[in-house]
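Trainee: The numbering of the sequence shown is the working numbering, which starts it at 1400 and goes up by one.
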Amino acid sequence: MKRVLLFILLFIVSFLLHAQDKGIIRGFIADSTSGEVLPFANVLILELNTGTATDHNGYFIITGVPPNRTYTLSASYIGYTKKLIKVHVSQNKTNFVEIHLELSGVRLSEIEKVAEYVPKQKEMDISINRIKLKDLEYIPQGVETDIFRSLRTLSGIQSTGDISARFYVRGGSSNQNLVLFNDAPIYNPFHAFGLFSVVDPDMVNNIEFYKGGFPSQYGSRISSVLKIITKDGNKNNYRSSLSVSQLAAKFLVEGPIPYGSFILTGRKSFNTNVLRKFLNDREAPIDFHDLSFKATYSNPDFMATSRFSIYGFLSGDFLKQNDPLLEDFNWKNNLFGFKWFHAGDSPLFFEVGLYVSNFFGNVLPNLSSVNEKKNELNDVTIKMDFNYLFDSKDEINVGLNISNIRTSLFLKNQFGAETNLTNYGTDFSAFIKYRLMQIDNFGCDVGTRIKLVGLISGDSKKYTFEPRVNLSLKLLDNLTLKTAWGIYQQELTTLSDETEIISLFEPWIIAPASVGSTKSVHYIGGIEYDLSEKTSLKIETYYKFVHDYPTLNNYKFEETDPDLISGSLESSGIEFQLLSSIEQLKISSTYTFSRSYRTINGWVYYPKYDSRHNFNINLSYEFPDDWIASLYWTFNSALPFTQSRGYYDKLFFDDLYAANPVYESYKPFAILDDINLGRLTNYHRMDLSVSKKFRIAFVACEVDVSAMNVYSRKNIFYFKRDTGEKVYMLPFLLTATLKVSL
1400 MKRVLLFILL
1410 FIVSFLLHAQ
1420 DKGIIRGFIA
1430 DSTSGEVLPF
1440 ANVLILELNT
1450 GTATDHNGYF
1460 IITGVPPNRT
1470 YTLSASYIGY
1480 TKKLIKVHVS
1490 QNKTNFVEIH
1500 LELSGVRLSE
1510 IEKVAEYVPK
1520 QKEMDISINR
1530 IKLKDLEYIP
1540 QGVETDIFRS
1550 LRTLSGIQST
1560 GDISARFYVR
1570 GGSSNQNLVL
1580 FNDAPIYNPF
1590 HAFGLFSVVD
1600 PDMVNNIEFY
1610 KGGFPSQYGS
1620 RISSVLKIIT
1630 KDGNKNNYRS
1640 SLSVSQLAAK
1650 FLVEGPIPYG
1660 SFILTGRKSF
1670 NTNVLRKFLN
1680 DREAPIDFHD
1690 LSFKATYSNP
1700 DFMATSRFSI
1710 YGFLSGDFLK
1720 QNDPLLEDFN
1730 WKNNLFGFKW
1740 FHAGDSPLFF
1750 EVGLYVSNFF
1760 GNVLPNLSSV
1770 NEKKNELNDV
1780 TIKMDFNYLF
1790 DSKDEINVGL
1800 NISNIRTSLF
1810 LKNQFGAETN
1820 LTNYGTDFSA
1830 FIKYRLMQID
1840 NFGCDVGTRI
1850 KLVGLISGDS
1860 KKYTFEPRVN
1870 LSLKLLDNLT
1880 LKTAWGIYQQ
1890 ELTTLSDETE
1900 IISLFEPWII
1910 APASVGSTKS
1920 VHYIGGIEYD
1930 LSEKTSLKIE
1940 TYYKFVHDYP
1950 TLNNYKFEET
1960 DPDLISGSLE
1970 SSGIEFQLLS
1980 SIEQLKISST
1990 YTFSRSYRTI
2000 NGWVYYPKYD
2010 SRHNFNINLS
2020 YEFPDDWIAS
2030 LYWTFNSALP
2040 FTQSRGYYDK
2050 LFFDDLYAAN
2060 PVYESYKPFA
2070 ILDDINLGRL
2080 TNYHRMDLSV
2090 SKKFRIAFVA
2100 CEVDVSAMNV
2110 YSRKNIFYFK
2120 RDTGEKVYML
2130 PFLLTATLKV
2140 SL
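1) In the structure shown, what three-state DSSP assignment does N2000 receive?
2) Would I1923 and G1611 be called neighbours here (beta carbons separated by less than 8 Å)?
3) Tell me which same chain residues have a C-beta within less than 7 Å of the C-beta of G1752, skipping the five on either side of it?
4) Would you call the segment 1847 to 1854 in contact with the segment 1584 to 1600, where contact means no fewer than 3 C-beta pairs closer than 8 Å?
5) With distances taken between CB atoms, is the gap from I1428 to I1484 smaller than 8 Å?
6) Could you check which residue in T1544, N1877, S1623 has the C-alpha nearest to that of V1920?
7) Just checking my contact of T1879 with E1927 at CB under 8 Å: how many whole Å lie between their CB atoms?
8) If you check the beta carbons only, do R1834 and T1847 fall under 8 Å apart?
9) By how many angstroms is the C-alpha of V1598 removed from the C-alpha of F1495?
10) Looking at T1493 and D1876, is the spacing between their C-beta atoms short of 8 Å?
11) Using only CA atoms, which one of N2081, V2089, F2097, T2134 lies nearest to M2128?
12) Tell me which residue opens and which closes the beta strand (DSSP E) that K1918 is part of.
13) Determine the DSSP secondary structure at T1893, reduced to helix, strand or coil.
14) Excluding the 5 residues preceding and the 5 following L1437 in the sequence, name in chain order all residues of the same chain whose CB lies nearer than 8 Å to its CB.
15) What's the C-alpha gap between G1842 and L2137?
16) Can you tell me whether Y2127 is helix, strand or coil according to DSSP?
17) Can you say whether A1829 is buried or exposed, counting buried as having 16 or more other CB atoms within 10 angstroms of its CB?
18) Here's the rule I'm using: 16 or more other beta-carbon atoms within 10 Å means buried, otherwise exposed. How should R1569 be labelled?
19) In the DSSP assignment, what are the bridge partners of F1547?
20) Report the three-state DSSP secondary structure of A1514 (helix, strand or coil).
21) Spell out the partners DSSP gives M2107 in its beta bridges.
22) Would D1716 and I1685 qualify as a contact pair, given that the criterion is a beta-carbon distance under 8 Å?
23) Could you check the C-alpha separation between A1703 and L1725 for me, to the nearest Å?
24) Give the DSSP bridge partners of F1749, in chain order.
25) Would you say L1870 and M1523 are within 8 Å of each other, going by their C-beta atoms?
26) With 16 as the cutoff for other CB atoms within 10 Å, does W1907 come out buried or exposed?
27) Considering only the alpha carbon of each residue, which of I2074, I1831, L1577 lies closest to S2043?
28) Would you grab the beta carbon distance between Q1837 and T2134 for me? Rounded to a whole angstrom, and I think it's under 8 Å.
29) Tell me which residues share the same chain as L1894 and place their Cβ nearer than 7 Å to its Cβ, disregarding the 5 neighbours each side in the sequence.
30) Just the C-alpha distance for S1558 and S1902, rounded to the nearest angstrom, thanks.
31) Can you give me the C-alpha to C-alpha distance between S1526 and F1439, rounded to a whole angstrom?
32) Near N1800, what residues of its chain come up, given a Cβ to Cβ distance below 6 Å and the 5 sequence neighbours on each side ignored?
33) Got a sec? Which residues, its chain only, sit under 6 Å from V1914 by beta carbon, not counting five neighbours each side?
34) My output table needs one value for Q1557: the three-state DSSP class, helix, strand or coil.
35) Taking the alpha helix (DSSP H) that L1532 belongs to, which residues open and close that run?
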């Protein structure tokens, strides 16, 4: 550990002392109306025909600029008016510029970003999708605009139906997805049985979603990374909005503060009757809320090249069934974080962050036969990330991550015996990567993550390495080949039962030493072909192998038998994505062929989300006067399920008021077949939406009307165990949302 710390210290000092023979241009690009940063905007030096793009902070840096000349800097972001500024570059000097772009055309009065295209920022990136708030407007909203449900329009993403927003990436389980809120993980990112995400889209600036092959700065998960970067808040004017749907009401307040800005959003459910449509007309007494905030500070008289931010997120869900014979549930998330971004006069810039993320889940049995369960996770983490850009355009990136995580799980069995499992550990990880950018038409991103201390106590391995490589080769101006390989590791897991139809309680635990950490290897290859200026085709193929995959031991008979056993998972597939923009018409179409299976104790079965074929098409058209119409159609081949082999009468004691409890408390109990041998019918559905933006005096209004499952397709959700009756998913549903802004 001391050697690693010494190496990083020497790295920082050496580059701080490094003298530059050429000049540097760096700065930020932001919206002129709100001051909100514009991620992935283009910056170009016209005289040199070289440039870069802003990162998620809206920050850019161009090194290796020949000195003692005046250059024309072009900044552009589609939906905004291009801006040209003059910059004089001197030797061994860093030139700082802050560029504010104005919205183009009639949309100049709006404060929301309206960019329609995100340029390719890093040619080595593979299996990545960049999503902005504007993209969500082109997808039928349904009951609530939702980040996680929008992911279903992408290739390689699977779900188990309308009832859940949980997503499964390239054969991996949902607990293998890392969901980051400004770099801090959210451990239970769902509301209402998993129907919706807990993050309010109005809070979002941009999203980066890695489906695999993610670089070495990301760790602790083996399947995907969903990075949500929130807005900073309006730096120039105070603004507020109120939105009401059939499910919840929410608000937003933002505005300037001395040397900074703030933003605050909140959401509260008030009518859950609409959820009955998702639950086959069953009662859904769910109450949920969430609150998000962020404040930024940047003072030119105090560390002028630094930006500070604090942020937080709180959410709660309560399922109270108002019946003493039924169990109640509640879940909570609490997250607070601090980030310091610094860009000095040298080509070195860095971020330092501290966050606390907590999750709490509880099952209250009341007088039911369900046993009491309680789960809590506490995560305190410090992160440091340093970047240095050479004159050759190459980049080196090193960082540290120190996490202290504590998990506790309380269980009570049918005999009243209590089990209290508490584990804690410290994760000390470092990473280093090098991006080779100086060779024309070729790029290489190579690095490794080094785990110095792991969460799992008793792990005999002192150090573990997670090497990763991304390569790109530009064969033609419109044709690029890409490939990626990497090793990934995960020490946290959830306890879930493959036979459960709806999993309401999936507790987080640190994997026991008997199982060890889960490891995965990704192999990815693909091509990107631009058919025209506004039409692109992307094809990717992948293979993923996971070993030491933890799962519940469903065949535990003795007390000494382990609760968890390990197995393996394999998944492979090919994905196609076609994107096109023809004036006001936007087309997004994806197809995925995939196959995944698990092996436990020599027994092979398909996971419950395994679907061979997946096809999505999304069409949207922008009419004059701010009308938008959208159509979304999806098809998924049949999902696996566990069939019932037979029944027997089992005695239950839930009905305390039965006249003849001995006789009336016997109910049929299913004997299950082998896991997931059966298949449901194919799933398909069409959604439509129409939205309109208009103004009434000084009030900006937006109305959205959506129709879900337009032709009322009867998609099978599951078969009732006791009767064999079919239970269907969401029928035709008409919803409306109203939003007003001041």
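All C-beta atoms, glycine included, are put in the ideal place defined by N, C-alpha and C.
Mentor: Put simply:
1) Reduced to three states, the DSSP call for N2000 is coil.
2) With a cutoff of 8 Å on beta-carbon distance, I1923 and G1611 are scored as near each other.
3) Hits under 7 Å: D1582, G1736, F1737, K1738, K1782.
4) Counting Cβ pairs under 8 Å, fewer than three are found: no touch.
5) It is not a contact, given that the beta carbons lie outside the stated cut-off.
6) By alpha-carbon distance to V1920, the top candidate from T1544, N1877, S1623 is S1623.
7) In this structure T1879 touches E1927 by the C-beta definition: roughly 5 Å separates them, less than 8 Å.
8) For R1834 and T1847, no; Cβs fall outside 8 Å.
9) Their backbone Cα atoms lie some 34 Å apart in a straight line.
10) In this structure, the beta-carbon distance from D1876 to T1493 does not fall below 8 Å.
11) The candidate whose alpha carbon is nearest that of M2128 is N2081.
12) Looking at the DSSP string, the run of the beta strand (DSSP E) that includes K1918 is 1917 to 1931.
13) Three-state DSSP puts T1893 in a strand.
14) Taken in chain order, the residues that qualify are I1428, A1429, D1430, T1453, G1457, Y1476, Y1479, L1500, K1512, A1514.
15) Computed Cα separation, rounded: 47 Å.
16) Reduced to three states, the DSSP call for Y2127 is strand.
17) Its Cβ being crowded by 16 or more others within 10 Å, A1829 is buried.
18) Its Cβ being crowded by 16 or more others within 10 Å, R1569 is buried.
19) According to DSSP, which records beta bridges pairwise, F1547 is partnered with nothing at all.
20) Note that A1514 has pLDDT 37, beneath the 50 cutoff, so the model's placement of it is unreliable and no number is given.
21) The partner list for M2107 (beta bridge, DSSP) reads L2132.
22) At a Cβ-Cβ threshold of 8 Å, D1716 and I1685 count as neighbours.
23) A1703 and L1725 have their C-alpha atoms some 59 Å from each other.
24) Residue pairing by DSSP places F1749 opposite H1741, F1785 in a beta bridge.
25) Contact flag set, yes.
26) W1907 comes out buried.
27) When only C-alpha atoms are compared, the closest one is I2074.
28) Going by Cβ atoms, the distance from Q1837 to T2134 rounds to 53 Å, so no, they are not a contact pair.
29) Hits under 7 Å: E1905, P1906, I1908, L1951.
30) Going from the Cα of S1558 to the Cα of S1902 covers about 14 Å.
31) Straight-line Cα distance between these residues: approximately 17 Å.
32) So the qualifying residues of the chain are K1782, S1828.
33) Once the five neighbours on either side are set aside, the close Cβ partners of V1914 are P1949, L1963, S1965.
34) Strand, per DSSP.
35) 1532 to 1535 is the span of the alpha helix (DSSP H), which, as asked, contains L1532.
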